[in-house]
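Asks: Before anything else, here's the structure in question.
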Amino acid sequence: MDDEPPSRPSPRPGRKRCWLILNDPCGYVCVLCTYAMAWGTASLVNIYILLPRLSGTASVLHFFWYNYIISSLVVSHTRCMLTNPGTAKDHLDEELNKVMRWAHTRQAQAAPKAAPGTDWEGLGRSEVNRRKWWCSKCETFRPRHTHHCSTCRACVLEMDHHCPWVNNCIGWRNHKYFVLFLVYAAIGSVWSSMCIILAFFNPAEPPLQLASEVFFNEFGVVDGLGGGVDRSG
């Protein structure tokens, strides 16, 4: 048997179901921070910069494409978070798993006994290779580039890493959504920053006026809510 497990075979279609990691509080916090930053920045740009200047074809197109980028960012993130990254137990052929389990058990039973002159290095390497082929936690065959994630509690095909910002592993089935999320996030960040910088340096609108408008409008909402709570008390 070769030192390396074979590459991932043609997977069988996985079951259509919603995938969500529920055992990682850090993932919840990171996801909430991601959505808060995305929607908070977009709201600031829309309410205080784009909508007040919404007149003419250019400004309408600017408003449309900016919000298209932000919406695509959120959709890509959500799909990456809710897509099964490609767990080996759900997406590999069942017959292949049975064969690999049988081979794993057979090799374990046929392991040579220690004897004078035993090649301990070779024996240890054989044991490591045998364990690398099979995951005893998931009870499944592990092709090459498949790793067990302790957070997702599964072996993920072509696993890249576990990302807390999407509360999911990045693997065979959600690589595309993760890359799209990064692209849209980069474009949205640069676009939002340029809108805010240009608005503050706009000669027709002094920067202090824009800053005070944002601050007092936001502070007025919070103060109004606080006053309502005080009066109700």
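In full-length UniProt numbering, the protein residues as written are 1 to 233.
Built from N, CA and C at the ideal position, the CB exists for glycine as well.
For Cys26, which option in Asn202, Trp165, Ala186 has the closest C-alpha, if you only look at C-alpha atoms?
Replies: In the sequence shown, residue 26 corresponds to position 26, counting from 1. Closest option to Cys26, Cα to Cα, is Trp165.
Asks: Can you give me the C-alpha to C-alpha distance between Ala114 and Tyr28, rounded to a whole angstrom?
Replies: Translated into the one-based positions of the sequence shown, residue 114 becomes position 114. Translated into the one-based positions of the sequence shown, residue 28 becomes position 28. Low confidence applies to Ala114: its pLDDT is 44, below 50, so where it sits in the model is not reliable, and the reading given next is rough at best. Going by the C-alpha atoms only, they are around 50 Å apart.
Asks: Since Phe181 and Ser71 are thought to touch, with beta carbons under 8 Å apart, how far apart are those beta carbons, to the nearest angstrom?
Replies: To locate residue 181, count along the sequence shown from 1; it is residue 181. To locate residue 71, count along the sequence shown from 1; it is residue 71. Not a contact, Cβ separation roughly 12 Å.
Asks: Considering only residues of the same chain and omitting the five flanking positions on each side of Cys152, which have a CB-CB separation below 8 Å?
Replies: The sequence position of residue 152 within the sequence shown is 152, counting from 1. Here the set comprises Ile21, Pro85, Thr87, His162, Asn168, Cys169.
Asks: Looking at C-alpha atoms only, which residue of Ala199, Arg142, Leu54 is the closest neighbour of Asp90?
Replies: The residue given as residue 90 occupies position 90 in the sequence shown. Asp90 has its Cα closest to that of Arg142, out of Ala199, Arg142, Leu54.
Asks: What does a CB cutoff of less than 7 Å around Gly122 pick up in its chain, not counting 5 residues either side in sequence?
Replies: Mapped onto the sequence shown, residue 122 falls at position 122. Only weak support exists for where Gly122 lies, its pLDDT of 44 falling under 50; the value from the coordinates is given anyway. Here Gly122 has no same chain residue with a Cβ atom under 7 Å from its own Cβ, once five neighbours each way along the sequence are excluded.
Asks: Along the chain, where does the alpha helix (DSSP H) that runs through Ile187 open and close?
Replies: Indexing the sequence shown from 1 puts residue 187 at position 187. Per DSSP, the continuous alpha helix (DSSP H) segment holding Ile187 begins and ends at 175 to 200.
Asks: Within the same chain, show all residues whose beta-carbon is closer than 8 Å to that of Ile69, passing over the 5 residues directly before and after it, in chain order.
Replies: In the sequence shown, the residue the question calls residue 69 occupies position 69. Same-chain partners within the cutoff: Tyr184, Ile187, Gly188, Trp191.
Asks: What are the partner residues of Ile170, as DSSP defines its beta bridges?
Replies: Within the sequence shown, residue 170 is the residue found at index 170, counting from 1. Ile170 pairs with His161.
Asks: Got a sec? Which residues, its chain only, sit under 7 Å from Cys18 by beta carbon, not counting five neighbours each side?
Replies: Against the sequence shown, residue 18 aligns to sequence position 18. Leu82.
Asks: Distance, Cα to Cα, Asn174 vs Ser43?
Replies: Taking the first residue of the sequence shown as 1, we reach residue 174 at position 174. Taking the first residue of the sequence shown as 1, we reach residue 43 at position 43. Spanning the two alpha carbons is a distance of roughly 28 Å.
Asks: Following the continuous beta strand (DSSP E) through Cys149, name the residue where it begins and the one where it ends.
Replies: Along the sequence shown, read from residue 1 onward, the residue named residue 149 stands at position 149. First-last of the beta strand (DSSP E) with Cys149: 147 to 149.
Asks: Within 10 angstroms of the Cβ of Cys80, are there 16 or more other Cβ atoms? Answer buried if so, exposed if not.
Replies: In the sequence shown, counting from the first residue as 1, residue 80 sits at position 80. Under this definition Cys80 is a buried residue.
Asks: Residue ranges of each alpha helix (DSSP H) run of no fewer than 4 residues wholly in the stretch 19 to 86, ordered along the chain?
Replies: 25 to 45, 57 to 82
Asks: Let me check one thing: in DSSP terms, what residues is Cys135 bridge-paired to?
Replies: Translated into the one-based positions of the sequence shown, residue 135 becomes position 135. Partner(s): Thr140.
Asks: Exposed or buried, Phe64, counting other C-beta atoms within 10 Å across all chains shown (16 or more means buried)?
Replies: The residue labelled residue 64 in the question sits at position 64 within the sequence shown. Result: exposed.
Asks: In chain order, what residues of the same chain have a beta carbon less than 7 Å from the beta carbon of Leu73, not counting five sequence neighbours either side?
Replies: On the sequence shown, residue 73 is found 73 positions in, with the first residue counted as 1. Only Ala38, Phe181, Tyr184, Ala185, Gly188 meet the Cβ criterion.
Asks: State the start and end residues of the unbroken beta strand (DSSP E) segment that holds Cys155.
Replies: Along the sequence shown, read from residue 1 onward, the residue named residue 155 stands at position 155. Taken as a continuous stretch (DSSP letters only), the beta strand (DSSP E) holding Cys155 covers 154 to 156.
Asks: Give me the Cα-Cα distance between Ile196 and Asn67, rounded to the nearest whole angstrom.
Replies: Start at 1 with the first residue of the sequence shown, and residue 196 comes out as number 196. Start at 1 with the first residue of the sequence shown, and residue 67 comes out as number 67. Between Ile196 and Asn67, the C-alpha separation is close to 15 Å.
Asks: In chain order, what residues of the same chain lie with their CB nearer than 7 Å to the CB of Cys30, ignoring the 5 residues before and after it?
Replies: Walking along the sequence shown from the start, residue 30 turns up at place 30. Within the same chain, Cys30 has close Cβ partners Pro164, Trp165, Asn167.
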